[in-house]
Amino acid sequence: MTSAKTVEQGNKPHYAWFVMIAYGLMMSGTIGSFSVVSGQWFYPVSTDIGCDLSTLTLYTTIEMICMGLGMPLVGNLLTRMKLQTLLTVAVILEIVPTVAMAFFTAPWMWYVAGVFIGAGLSATSTVTITPTMGNWFAKKTGFAIGVVWATQALYCAIASPVFAGIIEAIGWRASYLVLAAVSACFTLPAIIFVIRYRPEDLGMLPYGFEAASADEETSVPSRLPGVPARVAFRSAPFFLCIAVVMLCTATGVMNAIFPAYAEVVGLGAVVGGLMVSTASLCDIVFNPLAGATSDKFGPAHAMVLWTGITMVSFVVLYFSGSSAVGSCVGAGLNDAMYAITGVGYSTFALSIFGMRNFEKIFSRITCCGYLVASFGIPLMMLIYESTGVFQNVFVFGFVVDIVIIGLVILAKKSSRTLRWLSD
1121 MTSAKTVEQG NKPHYAWFVM IAYGLMMSGT IGSFSVVSGQ WFYPVSTDIG
1171 CDLSTLTLYT TIEMICMGLG MPLVGNLLTR MKLQTLLTVA VILEIVPTVA
1221 MAFFTAPWMW YVAGVFIGAG LSATSTVTIT PTMGNWFAKK TGFAIGVVWA
1271 TQALYCAIAS PVFAGIIEAI GWRASYLVLA AVSACFTLPA IIFVIRYRPE
1321 DLGMLPYGFE AASADEETSV PSRLPGVPAR VAFRSAPFFL CIAVVMLCTA
1371 TGVMNAIFPA YAEVVGLGAV VGGLMVSTAS LCDIVFNPLA GATSDKFGPA
1421 HAMVLWTGIT MVSFVVLYFS GSSAVGSCVG AGLNDAMYAI TGVGYSTFAL
1471 SIFGMRNFEK IFSRITCCGY LVASFGIPLM MLIYESTGVF QNVFVFGFVV
1521 DIVIIGLVIL AKKSSRTLRW LSD
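One point on numbering: in the numbering used here, the residue at position 275 of the sequence shown is 1395, and numbering is uninterrupted.
Here you go:
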């Protein structure tokens, strides 16, 4: 055991809550700005520089691939360098190319920028969120992760229409500079002044920490309990978790195809936009709820519950091709899968492998997920184009959800053979 001096909190909120809020701000200025809000630039940029949307947006695929490939490296660096340093470098890798985009003139320039932004996003993502919240929260870990993602969702819901107006007012080039400035204001103060990887770094104990005895009142384990990485990498639950993350992430991008769906079935672009907005609003509520249900009922039960909600959404969407209201309801319910990709499988993996080597284990699991996700949208478009019926995409999603539930149950059962170490 190593001693950790406790900092008296008094009646003040535990510092863990400030880390949670700061992480939400950091996520807003990174994942939110450069993966979601940046979509506002696709149409005006492609129109101005004279290229197809598919040609320009290829940089997002490059971005996601680099993000996935960078995650194992981030998992190793988390235990070797300060989190503040790692996140600061990552934010710089994202902001500098965004500033440069204001001066780009050809699609290949965005492709190059996508490499650097993707590398940065690999650190400002779930790979660092989950272990950091796991370190700071001995209790309510799932809820804390959910609030981080909900904060990012709230930012996207507000920033997307705001930046659409800014682009219209001052043009897309100057707007890139505004996006970079806003993101810097959200991220750098939070990283430099608030975020720390472990409570011991500030002489604190995790929120909800309960010592086993009076002698351990101000002590924490020198090695957190969990499965050693070398054991996890050869285990069946590890590969089953990879399969779960791959399928969840591949279908968790459904939100991006709702505008195309609305146009194809004749509901129109306005309804497509409303479907995306409805899903974004539900995301603000679903993420903390998903975390809370994970804390209360266990991550495995929560995964099954939220995947079941996603299945209901596909049924609603399948039968709502002529109903704007029904399509919006289906889109909102479908955001349950996005909550799973934000909170669900993070807490699920944490419950199986523990915190001992979680950075290394989870980074390799999510690496596979994001590499597959980069092909999720093309795959679903191929299903539509080859069958001529968009509803078949929802049938595909429904079947995938059944497989996810089966894999979750199998992974949880097989995890009983894993031995956790605590010293």
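Every residue gets a Cβ at the ideal spot worked out from N, C-alpha and C, and that includes glycine.
Query, Result
"Beta strand (DSSP E) segments (min. 3 residues) lying fully within the segment 1217-1276", "none"
"I1169 versus M1229: straight-line alpha-carbon distance, rounded", "12 Å"
"Buried or exposed (CB count within 10 angstroms, at least 16 for buried), E1288", "exposed"
"Contact check, A1376 vs I1497, beta carbons under 7 Å", "yes"
"Counted within 10 angstroms of its Cβ, other Cβ atoms place V1519 as buried (16 or more) or exposed", "exposed"
"D1415 - containing alpha helix (DSSP H), residue span", "1389-1417"
"Whether A1451 touches F1514 by CB criterion (7 Å)", "no"
"Where G1508 falls: helix, strand or coil (DSSP)", "coil"
"Where L1541 falls: helix, strand or coil (DSSP)", "strand"
"The segment 1172-1186 touching the segment 1481-1500, judged by at least three CB pairs closer than 8 Å", "yes"
"Cβ-based neighbour list, L1387, same chain, cut-off 7 Å, excluding 5 preceding and 5 following", "A1444, S1447"
"Where G1446 sits in the DSSP three-state scheme", "helix"
"Three CB pairs or more closer than 8 Å across the segment 1266-1276 and the segment 1187-1195", "no"
"Proximity below 7 Å, CB of T1250 to CB of T1369", "no"
"Proximity below 7 Å, CB of I1212 to CB of A1300", "no"
"G1428, buried or exposed, once every other Cβ within 10 Å from all chains shown has been counted against 16", "exposed"
"Cutoff 8 Å; reference F1417; Cβ partners in own chain excluding five residues on either side", "L1425"
"Nearest neighbour of A1420, chosen from L1360, L1322, G1346, S1242 [CA to CA]", "L1360"
"Reduced DSSP secondary structure (H/G/I, E/B, other) of G1085", "This structure cannot speak to residue 1085, because the chain is shown only from 1121 to 1543."
"Local conformation of G1474 per DSSP, three classes", "strand"
"Local Cβ density within 10 Å of K1201, reported as buried at 16 or more and exposed below that", "Reading off the sequence, residue 1201 comes out as Met, not Lys. The residue in question, M1201, is exposed, as its Cβ has fewer than 16 Cβ neighbours within 10 Å."
"Where P1133 falls, given that 16 or more other Cβ within 10 Å makes a residue buried", "exposed"
"Residue nearest to T1218 in terms of C-alpha spacing, selected from Y1458, T1150, Y1163", "T1150"
"Reduced DSSP category for Y1327 - H, G, I as helix; E, B as strand; rest coil", "strand"
"Backbone CA spacing between F1162 and S1535 [nearest angstrom]", "44 Å"
"Backbone CA spacing between L1409 and T1225 [nearest angstrom]", "44 Å"
"Straight-line gap, A1380 to V1373 (C-alpha atoms, nearest Å)", "13 Å"
"Alpha-carbon to alpha-carbon, F1439 and K1480", "43 Å"
"Assigned exposure category for T1122 - 16 Cβ within 10 Å defines buried", "Model confidence at T1122 stands at a pLDDT of 43, short of 50, so the residue's coordinates are unreliable; what they give is reported in the following sentence. So T1122 counts as exposed."
"Straight-line gap, F1434 to N1454 (C-alpha atoms, nearest Å)", "7 Å"
"Best match in V1157, C1305, S1155, R1539 for proximity to A1349 [C-alpha to C-alpha]", "R1539"
"Three-state secondary structure assigned by DSSP to G1386", "coil"
"Exposed unless 16 or more other CB atoms sit within 10 angstroms - verdict on C1402", "buried"
"Close Cβ partners of S1358 (< 6 Å) along its chain, the five nearest in sequence each way excluded", "Checking the displayed sequence, the identity of residue 1358 turns out to be Phe instead of Ser. If we look at F1358 and ignore the five residues flanking it on each side, its Cβ neighbours are A1352."
"Beta-carbon proximity list for S1494, same chain, < 6 Å, skipping 5 on both sides", "T1181, M1184, I1185"
"Cβ-Cβ distance between V1139 and I1265 below 7 Å", "no"
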